[in-house]
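Q: So that you can map any letter, position 336 of the sequence shown is 336 in the UniProt record's numbering, and since no number is skipped, the others follow by simple counting.
I'd like to ask you about the structure that follows.
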Amino acid sequence: MSDGPGRSTAFRTRIRGHRVKDSTSRRLRPLAIAISSSVLLILGLGATGLPAAAATSGVEVTWKNTNVWTTGFQSEAGVHNASTTTLQPWQISFTYGNKVNTLWNGTLQTATGGFAVKAPTWASKLAPGSTASFGLTSYKVGTAPLYPTACTVIGLPAGAASIPCSVNGSGSTVPTPVPTATPTPTPTPTPTPTPTATPTPTPVPTATPTPAGSLLVAPYVDMGLWPSADLSAFAAATGVKAVTGAFIVADRSSNCSPTWAGYTDYTVGGTQDFVGAISKFQTGGGQFVVSFGGAVNNELARVCTDPAALLAAYTKVVNRFNVDRIDFDIEGSDVSDPSANARRVVAIVALQKQQSAAGRPLQVSLTLPVMPYGLVASGQRTLKEFAAGGVKLSAVNIMAMDYGDGTVDMGTAAISAANSTAKQLAAFPAYAGLTDAQRLSMIGITPMIGLNDTGEIFTLADTNKVSAFAKANALNYVGWWEMTRDQPCTGGIPAYMCSGVSSPQWSYSTAFVAATS
């Protein structure tokens, strides 16, 4: 969950994604390690037109920026071992002028003048002629180039000869257009896109607020983590009665096929799609919410270009997991694809009609990047598309995290963002007829517990503050990123699976449950 200042996507890692073993990402999904020389060619001579690295006798790093926004960017790096030495584990230090936010398929380490990356334990060996890859997101710092200017192979055995290292690629890519954010926009309604040639536009419906007293408390659970989340055990330990599973995206092979975290092995309908664990949680009285999208990978609408196929993919997920509420975390590159955005809205409207006709009304929430002053520009644009297209939203869920200022009072900032977003809703025709209280009751709040990526700390006191505000104002939803992180970083626990503060395991979850009960 990272689109606005300091932000993933919320779900914003706002921004707010899927991570795997030994990654340090918050809301980002890992890129597969490919131990073959062909990967270097793909990374070095792809659509961006970056030249392949010149042959050397050392290590060649090919750098490519895949997404750039106002305050940061996402990159992929291929690490090719052109030396005659097997590196185990491979470990490289980079001279780099920007601040690394999250890194996957490797372990992020501190280094003077930049950062270092060490091979993940599950793919630590880099034989001569082989290639590994890792990915990362970074915050821009001043006018620093968006790529490393030098690299060094480190961690070699004592007495071993040094191995040359070179970085290829300027990191150039086309920035994702993000208009300047304004606190209170005045959107213009747009016609509803339709997958058929029918010219009649759908009227913009007036929203019906969710009845007061129906606060849903459903923390996000990263279903792409390893080990896989035990939802029933989480519930037994904390009292949590609902969770939001993150994230359903398209298969990384670019097939119009829904998967958890983009992994083919986690294809919905397959043998490893967690339906057993989800069903067990539901049978025990739990509510499971599916979240589509996130900061990286492709939300299904970007890959499923046939509207009917997209609707079928969404329907497959809803029916497979027997859910009555879904969430769309739209951030990163997803917000800048107008064709995909139009298809998504049409498919969601059709899905809600389809489920309602079957006697199973489907709630939909929209998770968006936020600052204390309200939705950022891309979030406003996405909300405009959903509202004008006729999606019946139960909640606008704000990713109250990663503001880019380590001194922010996170509880107060979350409340300010919620109030500001509710006021912004008045500018949208679908919500203009609601009262201030009704618009506020459509808001959901999702903070990042503990240490945020940009230095802020969401404390246990902030938990109580936000929960009290949510109850007093009949908010629709309270969640947090991410339930697995609700433990201290001790005993070798990977950084992406802990809170960064000393609070005991489940402190945040039990506090949220108690304060919202």
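Heads up, the beta-carbon is just placed ideally off N, CA and C, and yes, glycines get one too.
(1) Alpha carbon to alpha carbon, how far is T463 from G389? Give it in angstroms, no decimals.
(2) So P219 and S509 are in contact, right, with Cβ under 8 Å, and what is the actual spacing, rounded?
(3) For Q282, does the three-state DSSP call read helix, strand or coil?
(4) In three-state terms, what does DSSP make of D462?
(5) With DSSP collapsed to three states, give me the class of V79.
(6) To which residues does DSSP link Y477 through a beta bridge?
(7) Tell me, which residues are paired with R485 by DSSP?
(8) Using the Cα positions of A511 and W481, report the straight-line distance between them to the nearest angstrom.
(9) Using DSSP with H/G/I as helix, E/B as strand and the rest coil, what is V391?
(10) Below 8 Å on the Cβ atoms is my guess for G284 versus A342; work out the distance and round it to an integer in Å.
(11) Grouping DSSP H, G and I as helix and E and B as strand, with all else coil, what is V345?
(12) Closest to A400 by CA distance: which of G135, A160, C498, T446 is it?
(13) List the whole-angstrom C-beta distance separating I278 from L216, where the pair is believed to meet the contact cut-off of C-beta under 8 Å.
(14) Could you tell me which of A347, R485, A116, P148 sits nearest to Q91, measuring between CA atoms?
(15) Grab me the residues of V349's own chain with a C-beta within less than 7 Å of its C-beta, minus the 5 sequence neighbours each way, in chain order.
(16) Beta-carbon within less than 6 Å of L425's beta-carbon, same chain only, minus the 5 sequence neighbours each way: which residues are those?
(17) Can you check the region 77–151 for any beta strand (DSSP E) of at least 3 residues that lies completely inside it and give the ranges in chain order?
(18) Is K384 buried or exposed, if buried means 16 or more other CB atoms sit within 10 Å of its CB?
(19) With I330 as the anchor, note down where its alpha helix (DSSP H) starts and where it stops.
(20) By DSSP's criteria, C165 is part of a beta bridge. Which residues make up the other side?
(21) Please return the same chain residues whose Cβ sits closer than 6 Å to the Cβ of S93, not counting the five positions on each side in sequence.
A: With the given structure in hand:
(1) 35 Å
(2) 7 Å
(3) helix
(4) helix
(5) strand
(6) L216, G444
(7) For R485, which the question treats as bridged, DSSP gives no partner whatsoever.
(8) 14 Å
(9) coil
(10) With 8 Å as the limit, G284 and A342 do not qualify as a contact, their Cβ atoms being about 39 Å apart.
(11) helix
(12) T446
(13) At roughly 17 Å, the Cβ-Cβ gap does not stay under 8 Å, so I278 and L216 are not in contact.
(14) A116
(15) G389, G390, V391
(16) Y431, R439
(17) 91–95, 99–104, 107–111, 114–118, 131–139
(18) buried
(19) Element bounds for I330: not the alpha helix (DSSP H) but the beta strand (DSSP E), 325–330.
(20) V59
(21) A111, A116, T152, I154
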